[in-house]
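Colleague: One structure, pasted below without further comment.
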Amino acid sequence: MPELPEVEVVRRGLEQWVAGRTIASAEVLHPRAIRRHAPGADEFTSRLKDRTIVSTARRGKYLWLPLGQDDALLAHLGMSGQLLVVAPDSPLEKHLRVRLRFDDGGNDLRFVDQRTFGHVMYTELVGGVPAPIAHIAPDPFEPAFDDEVFATKLRAKHTEVKRALLDQSLISGVGNIYADEALWLARLHWARPTNTLTRPKIAELLAGVREVMASALQQGGTSFDSLYVNVNGESGYFDRSLEAYGRRDLPCSRCGTPIRRDPFMNRSSFSCPRCQRKPR
DNA sequence: GCCGCATCCTGACCGC
DNA sequence: TGCGGTCAGGATGCGG
99 MPELPEVEVV RRGLEQWVAG RTIASAEVLH PRAIRRHAPG ADEFTSRLKD RTIVSTARRG
159 KYLWLPLGQD DALLAHLGMS GQLLVVAPDS PLEKHLRVRL RFDDGGNDLR FVDQRTFGHV
219 MYTELVGGVP APIAHIAPDP FEPAFDDEVF ATKLRAKHTE VKRALLDQSL ISGVGNIYAD
279 EALWLARLHW ARPTNTLTRP KIAELLAGVR EVMASALQQG GTSFDSLYVN VNGESGYFDR
339 SLEAYGRRDL PCSRCGTPIR RDPFMNRSSF SCPRCQRKPR
């Protein structure tokens with residue numbers, strides 16, 4: 099599941115393989131992939147034709163390819179999206195949704211997405227950021243991210259701390275997996291009311307978010323073939339380094355207590371019942 | 001305005 | 001072997 103570190107690995111791959119190249123044609127193979135692009139597939143393809151990708155950028159889980167100062171191709175990988183750089187004559191992937199071909203005849207850029215939660219669109223840039231994601235907060239690795247502002251907003255909310263971590267308008271890039279990991283690092287229960295958090299505890303939580311994501315990025319960066327811009331949930335990181343997520347009934351590495359799984363927002367939350375005490 | 005839930009989707013996995 | 005049910009996940013839209 100691509101969260102910030104996985105998306106950053108993809109961005110770095112794209113920087114190397116598609117920046118500076120000119121799009122010869124775009125082809126939409128599944129309308130759901132461009133559902134956020136209101137004007138439709140024909141408009142989407144005509145907007146991209148003959149345009150040059152000048153660079154790559156990312157905020158949280160969103161990735162975009164600026165086509166100049168004013169517009170860009172924006173992508174969100176959803177749960178299963180991949181942006182692949184592959185030879186033009188390689189077989190079409192089963193779940194290929196959008197295909198870009200380049201005027202140099204080199205490798206295609208292909209958007210492949212099994213579960214179709216991801217999407218791509220053409221968009222205007224406003225102050226360097228795609229208009230549709232103007233409401234997304236900076237991610238915790240951006241200079242624009244302000245720890246004090248985050249702490250103030252968090253304490254003003256009336257919700258549980260994990261819900262807040264997943265709220266992209268408060269902090270972007272955190273998904274279910276890294277939320278559980280950061281909460282484990284900070285010894286916080288997922289249901290802890292945000293308005294009871296002290297500023298030092300919030301600082302600890304932010305440090306946990308940054309630590310787990312930096313570590314994932316480091317490991318994710320080594321587990322992909324440089325010729326193949328890939329994203330999947332099978333990188334070595336997931337097997338070796340997770341402390342809470344997916345570890346139901348396995349011992350907590352700090353105290354040995356079996357990790358528990360709780361239902362949470364129609365999905366799962368994993369935590370150590372001893373290190374992360376449930377609020378009253 | 002804020003909060004929280006249902007919704008979209010496909011394939012892996014499980015039990016019968 | 002095959003079938004039906006369950007689960008996984010991010011963002012959005014809507015009801016309370």
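In this note's numbering, the protein residues as written are 99 to 378.
Even glycine gets a Cβ: it sits at the ideal position worked out from N, Cα and C.
Just so you know, these numbers come straight off a predicted model, no measurement behind them.
So what's A242 in DSSP terms, helix, strand or just coil?
Modeller: A242 falls in the coil class under three-state DSSP.
Colleague: In three-state terms, what does DSSP make of M311?
Modeller: Here M311 sits in helix by DSSP.
Colleague: Helix, strand or coil for W162, going by three-state DSSP, please let me know.
Modeller: If DSSP states are grouped into helix, strand and coil, W162 belongs with the strands.
Colleague: Nearest CA to the CA of I269: which residue from L252, A284, A185?
Modeller: Checked all of L252, A284, A185; the closest Cα to I269 is L252.
Colleague: How would you label P100, buried or exposed, when you count the other beta carbons within 10 angstroms and need 16 or more for buried?
Modeller: Classification for P100: buried.
Colleague: DSSP three-state call for E191: helix, strand or coil?
Modeller: Coil, per DSSP.
Colleague: For the stretch 289-303 against the stretch 252-267, do three or more pairs of beta-carbon atoms, one drawn from each stretch, fall closer than 8 Å, so that the two count as touching?
Modeller: Touching, yes, given that three or more Cβ pairs across the two stretches are closer than 8 Å.
Colleague: So, at 7 Å on beta carbons, what are the nonlocal neighbours of H135 in its own chain, with the 5 sequence-adjacent residues on each side left out?
Modeller: Within the same chain, H135 has close Cβ partners F142, M219, Y220.
Colleague: Which residues share a DSSP beta bridge with G179?
Modeller: Looking at the DSSP assignment, G179 forms a beta bridge with D211.
Colleague: In chain order, what are the residue ranges of uninterrupted alpha helix (DSSP H) at least 4 long that sit wholly in the stretch 117-148?
Modeller: Listed in chain order, they are 139-146.
Colleague: Kindly identify the DSSP beta-bridge partner or partners of E380.
Modeller: Only positions 99 to 378 of the chain appear in the structure, and residue 380 is not among them; the question remains open.
Colleague: State the start and end residues of the unbroken alpha helix (DSSP H) segment that holds R365.
Modeller: That residue, R365, is in no alpha helix (DSSP H); its beta strand (DSSP E) goes 365-369.
Colleague: Return the Cβ separation of V307 and A280 in integer angstroms, given the expectation that the two are a contact with Cβ distance under 8 Å.
Modeller: Correct: roughly 4 Å between the Cβ atoms.
Colleague: If the criterion is Cβ atoms closer than 7 Å, does the pair V116 and L207 meet it?
Modeller: Their beta carbons are under 7 Å apart, which means V116 touches L207 by this criterion.
Colleague: So, for V327: in the same chain, excluding its five sequence neighbours on each side, which residues have a beta-carbon less than 7 Å away from its beta-carbon?
Modeller: Note on V327: pLDDT 46, under 50, position unreliable in the model; the coordinate value appears next. Within the same chain, V327 has close Cβ partners V108, G111, L112, W115, L181, L182, V183.
Colleague: Going by DSSP, what residue range makes up the beta strand (DSSP E) through A342?
Modeller: Element bounds for A342: n/a, residue is neither H nor E.
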